[in-house]
Amino acid sequence: MIDDTLFNLITESELQTCREKVNLFIEKGAKNELSAKRFLVVGDIGLDQYIYTDVSRISPEAPVPVALVNRREEKLGLSANVAKNLTSLFSECDLFSVIGSDEASEKIKDLAKQDKNLNTIFVHSKTRPTTLKTRVLSGQHHLLRIDEEKQTTLSNEEWSLVSKHVKDLNWSSYSAVILQDYGKGFLTKELCSLLIDQAKANNVSVFVDPSSKAPLKKYRGADYFKPNQKEVMAYSSQESSSYKELLSSISKEGEFSHIINTMGAKGMCLFSKDLELRVPTFAKNVFDVTGAGDTVVSSLSLALSHGLSLKEASIFSNICAGFVVAKVGAVTLRFEDILK
């Protein structure tokens, strides 16, 4: 049984000092005074479809609501949402993934072309469809989500193409690489190892947003490891009697320099060799947590690449997450949205 006593909360005085630096960073971003950074995002990709409806009665055929469709909307999803979060904050991004040869993949490419700061590197699969998530909503309420996907690892042919692309990337241009793993099969252990090795060889920081299905050794050597509380508990063992011991065990096994553990309403726990601290959440209204983790990892990597400390970057990412969870669906934000 894990004792889930959390780390000490950052003091009010330290929080105020960090907030002052974070606010200056946000002000510079809103004035477009930050130097352009380039990121590489690698992970599963999908198309998010939203169907907005009105519900006013129950079906006479079964005890289910009758939803009258008002409008439909399509957005880039999964790792593409991470990339969009970065480009909306005045960064450039290379998005690397595998897509099918289907209608959803064509829509993804069309949507990506609308963002001048987003460059896509896609390997087309002949056997796996593009992930499609359809959400049916009434007002701010989710009625239903329909997933269409096939969770398979890369074929030999696909791996050959993917590994060649990785070696041909312009690694010296990246401020950081983000491995966004949703457990759909694209980010294999071999691919993660190749990406981490290439990043280290080029002095590029690696951020990992893991899948709870994957063993820690899959991400070994990453600089920043960002699990949520559910994912942390999935790695628990009988040897760990406290939350600190559990994070320490994860850090040692994965050889991670820093752990940023998102904990919803409890904020974030930061753990590294010289830091054990919790920073608070800044969310005031929570309507939809879709994409909140994407926002955290993208804003965290952005802030760190601009020279903010881990504490300051975590506060910035919590502010960003507080904005997006107050909206319906996966949304991106601009500096202006969080400008005080």
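Here the working numbering = 1-based position in the sequence shown + 89.
Cβ atoms here follow ideal geometry from the backbone N, Cα and C, with glycine treated the same way.
Here the structure is a predicted model, which is why all the values come from computation and not from measurement.
- For LYS333, same chain residues with a beta-carbon under 8 Å away, outside a window of 5 residues either side, are PHE96, PHE360 and GLU365 in chain order.
- Taking the CA atoms as reference points, TYR313 sits about 49 Å from ALA151.
- Secondary structure of GLU163 (DSSP, three-state): strand.
- With a 10 Å radius around the Cβ and a threshold of 16 neighbouring Cβ atoms, ALA288 comes out buried.
- Linking SER227 to ALA156 through their CA atoms gives a straight-line distance of about 8 Å.
- If you draw a straight line from the Cα of GLU163 to the Cα of SER262, it comes to about 31 Å.
- Taking a contact as a CB-CB distance under 8 Å, the pair VAL171 and VAL413 does not count as one, their CB atoms being some 12 Å apart.
- According to the DSSP secondary-structure assignment, HIS231 is paired through a beta bridge with LEU226.
- Each of ALA125, ASN350, MET322 and THR100 was checked against the Cα of THR176, and the nearest Cα belongs to ALA125.
- Taking a C-beta distance under 8 Å as the contact criterion, GLU401 and ALA392 qualify as a contact pair.
- In the three-state reduction of the DSSP assignment, ASN317 falls in the strand class, which pools E and B.
- In this structure, the alpha-carbon of LEU258 lies about 14 Å from that of ASN292.
- For TYR141, the uninterrupted beta strand (DSSP E) segment begins and ends at 134–147.
- When the Cα atoms are used, ILE140 and LEU123 turn out to be separated by approximately 37 Å.
- For GLN203, the three-state secondary structure derived from DSSP is coil.
- Within the stretch 256–310, complete alpha helix (DSSP H) segments of at least 4 residues are found at 278–290, given in chain order.
- 8 Å or more divides the Cβ of ILE210 from the Cβ of LEU250.
- Within the stretch 320–362, the complete alpha helix (DSSP H) segments of 4 residues or longer fall at 332–343, listed in chain order.
- At a Cβ-Cβ threshold of 8 Å, ARG367 and GLY356 count as neighbours.
- DSSP places ASN407 in the helix class (H, G or I) of the three-state scheme.
- Counted as a single uninterrupted DSSP element, the alpha helix (DSSP H) harbouring ASP383 occupies residues 381–394.
- Assigned with DSSP and collapsed to three states, ASN112 falls in helix.
- A distance below 6 Å between beta-carbons, with the five flanking residues on each side excluded, links ARG234 to the following residues of its chain, in chain order: ARG224.
- The Cβ atoms of ASP191 and PRO154 do not sit closer than 8 Å to each other.
- Using a C-beta cut-off of 8 Å, the stretch 299–309 makes contact with the stretch 264–283, since at least three inter-stretch Cβ pairs fall below that distance.
- The closest CA to that of ILE197, considering only THR216, ILE267 and ILE134, is found on ILE134.
- In this structure, VAL295 lies near ALA311, with their beta-carbon atoms less than 8 Å apart.
- Rounded to whole angstroms, the separation of the alpha carbons of SER398 and GLY353 is 21 Å.
- Secondary structure note for LEU175: its alpha helix (DSSP H) is the uninterrupted segment 168–176.
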